[in-house]
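**Q**
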Amino acid sequence: MTLALDRSEPRRFSMPAALLSRAGVNGALVLATAYTFMPLLWLLMSATKDIDDLFGTNGFAPGNSFQLWANLKHLLTASDGIYLRWLGNTLLYAVGGAAVAAFLCVLAGYAFDKLAVPYKEKLFGFVLLGVLVPATATALPLYLLAAKIGLVNTFWGAFLPGLVFPFGVYLARVFSASYVPGEVLEAVRVDGASEWRAFWSVALPMLRPGFVTIFLFQLTHIWNSFFLPLVMLSDQRLYPVNLGLFTWNAAAFDQGHPENYLLAITGSLIAVIPLLIAFLLLQRHWKAGMTAGAVK
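Encoded structure:
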């Protein structure tokens, strides 16, 4: 008994099903976009209000009187302009720390990928263990270590922990395997270049997308870091901007200073702008970096 083969054309989706599928995808994208931008819209609208409109009008509508410039002036002059100091501290912690951390990660990832380091796979396994540990779990041990060497309530006590980024080392190794051909390094070594020269002049330019990607990840992480500065710092002049805004919000809630709500809201709006600028300026390198490993 023979079975007849079905030589008919493959079944295709009907037009209504395709439209429903496309509508579902577009609807999910719209919801994700709204989820991302609604907090920013609320911040922008709230920053245009006075204290009465803040609690008496729709959160996603502008105030009856446009108070954005007055709120900005109040923000920049409050407590002798301490907000600008907080913002400057955050730029030092985040931009400086992310740049150094990204370079160290690229250097370590390149070494794990291209150099014959003894026990490097076991060492890399320890690095991956660091990825599994949440940052909040390390805040108290870091505080105790900083207390031993006298770094509590200092700039370095808040800056140095941001230089350690295990996930960045993992990413850097992936980038090195994808972007840096071993044949090019062998040719450079044959020409007499040292390992440092091969990394600095040949590998590092190839790893630029990886450097930018790791930099943006760590920049966002340090910028949003809260618990470590909270336990490490007590001097308001050393606060990052998010910890300073927290103190204003706490003063408004606990000490009966409702005008500090506007300071916290307007300051939060301004604090978002540097991150947006960084992503817009570096998005070309970041997009290229996120596709690392997609092409053999």
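1 is the number of the first residue of the sequence shown in full-length UniProt numbering; add one for each residue after it. We put the CB at the ideal spot given by N, CA and C, even for glycine. Every value quoted in this text rests on a predicted model; they were computed, and no experiment measured them.
How about residue 114 and residue 182: do their beta carbons lie closer than 8 Å?
**A** Against a cut-off of 8 Å, the Cβ pair of residue 182 and residue 114 comes out as a contact.
**Q** Could you check how far apart the C-beta atoms of residue 219 and residue 94 are, in whole angstroms? I think they sit under 8 Å.
**A** Residue 219 to residue 94, Cβ: 5 Å. Contact.
**Q** Do residue 136 and residue 227 come within 8 Å of each other at the CB atom, strictly closer than that value?
**A** Contact flag set, yes.
**Q** At the level of alpha carbons, what is the spacing between residue 200 and residue 215?
**A** Taking the straight line joining both Cα atoms gives about 18 Å.
**Q** Spatial neighbours of residue 112 within its chain, please: CB distance less than 6 Å, with the 5 preceding and 5 following residues excluded, ordered by chain position.
**A** Hits under 6 Å: 120, 124 and 173.
**Q** Please state whether the Cβ-Cβ distance between residue 299 and residue 177 is less than 8 Å.
**A** This structure does not reach residue 299, given that the chain is present from 1 up to 296, and the question cannot be answered.
**Q** May I ask you to verify whether the region 206-213 touches the region 131-150, counting CB pairs closer than 8 Å and requiring at least 3?
**A** No contact exists between the region 206-213 and the region 131-150.
**Q** Mind checking residue 213: buried by the 16 CB within 10 Å criterion, or exposed?
**A** Label assigned to residue 213: buried.
**Q** Report yes or no: do the region 87-103 and the region 69-76 share at least 3 C-beta pairs separated by less than 8 Å?
**A** Judged by Cβ distances under 8 Å, the region 87-103 makes no contact with the region 69-76, as fewer than three pairs qualify.
**Q** DSSP state of residue 59, grouped into three classes?
**A** Residue 59 falls in the coil class under three-state DSSP.
**Q** Does DSSP put residue 114 in a helix, in a strand, or in coil?
**A** Of the three classes helix, strand and coil, the one that applies to residue 114 here is helix, per DSSP.
**Q** Between residue 247 and residue 68, what straight-line distance do the alpha-carbon atoms span, to the nearest angstrom?
**A** Distance between the alpha carbons of residue 247 and residue 68: 22 Å.
**Q** Is the region 249-267 close to the region 127-136, with three or more CB pairs under 8 Å?
**A** No: the two stretches stay apart, fewer than three of their Cβ pairs being nearer than 8 Å.
**Q** Pull up the distance between the alpha-carbon of residue 280 and that of residue 267, whole angstroms please.
**A** For residue 280 and residue 267, the distance between alpha carbons rounds to 21 Å.
**Q** Excluding the 5 residues preceding and the 5 following residue 276 in the sequence, name in chain order all residues of the same chain whose CB lies nearer than 7 Å to its CB.
**A** Closer than 7 Å at the Cβ level, and outside the excluded window around residue 276, lies no residue.
**Q** If I measure Cβ to Cβ from residue 251 and keep anything under 8 Å in the same chain, skipping five residues before and after, which residues do I get?
**A** 257 and 260, listed in sequence order.
**Q** So, residue 238 versus residue 155, is the Cβ gap smaller than 8 Å?
**A** Cβ distance < 8 Å, so residue 238 and residue 155 count as in contact.
**Q** Return the CA-CA distance between residue 140 and residue 22, expressed in angstroms with no decimal places.
**A** For residue 140 and residue 22, the distance between alpha carbons rounds to 49 Å.
**Q** With C-beta atoms as the reference, is residue 127 less than 8 Å away from residue 164?
**A** Taking 8 Å as the Cβ cut-off, residue 127 and residue 164 do not qualify as a contacting pair.
**Q** Look at the Cβ atom of residue 97, then the Cβ atom of residue 150, and state whether they are nearer than 8 Å.
**A** No. Outside cutoff.
**Q** Nearest by alpha-carbon distance to residue 262: which of 193, 110, 42 and 284 is it?
**A** Of 193, 110, 42 and 284, the residue nearest in Cα terms is 42.
**Q** Over the uninterrupted alpha helix (DSSP H) stretch that includes residue 200, give me the two end residues.
**A** Element bounds for residue 200: n/a, residue is neither H nor E.
**Q** State the DSSP-derived secondary structure class of residue 151, mapped to helix, strand or coil.
**A** Coil.
**Q** Using 8 Å as the threshold, is the C-beta distance between residue 242 and residue 264 below it?
**A** Taking 8 Å as the Cβ cut-off, residue 242 and residue 264 do not qualify as a contacting pair.
**Q** Give the straight-line distance between the Cα atoms of residue 171 and residue 54, rounded to the nearest whole angstrom.
**A** Each residue's Cα considered, the two are about 44 Å apart.
**Q** So residue 178 is in the alpha helix (DSSP H); what residue range does that whole segment cover?
**A** It spans 166-179 - the alpha helix (DSSP H) in which residue 178 sits, taken as one unbroken run.
**Q** Can you give, in chain order, each stretch of the alpha helix (DSSP H) that sits fully within the region 37-89 and has at least 4 residues?
**A** Taking only runs of at least 4 residues, the alpha helix (DSSP H) segments lying wholly in the region 37-89 are 51-56 and 68-77.
**Q** Who are the Cβ neighbours of residue 61 in its own chain at under 7 Å, not counting the five residues just before and after it?
**A** Excluding residues within five positions, the ones whose Cβ falls inside 7 Å are 45.
**Q** Taking the beta carbon of residue 229 as the centre, do at least 16 other beta carbons fall within 10 Å, making it buried, or is it exposed?
**A** Classification for residue 229: buried.
**Q** Could you tell me the boundaries of the alpha helix (DSSP H) in which residue 161 lies?
**A** Where residue 161 is concerned, there is no enclosing alpha helix (DSSP H), given that its DSSP letter is neither H nor E.
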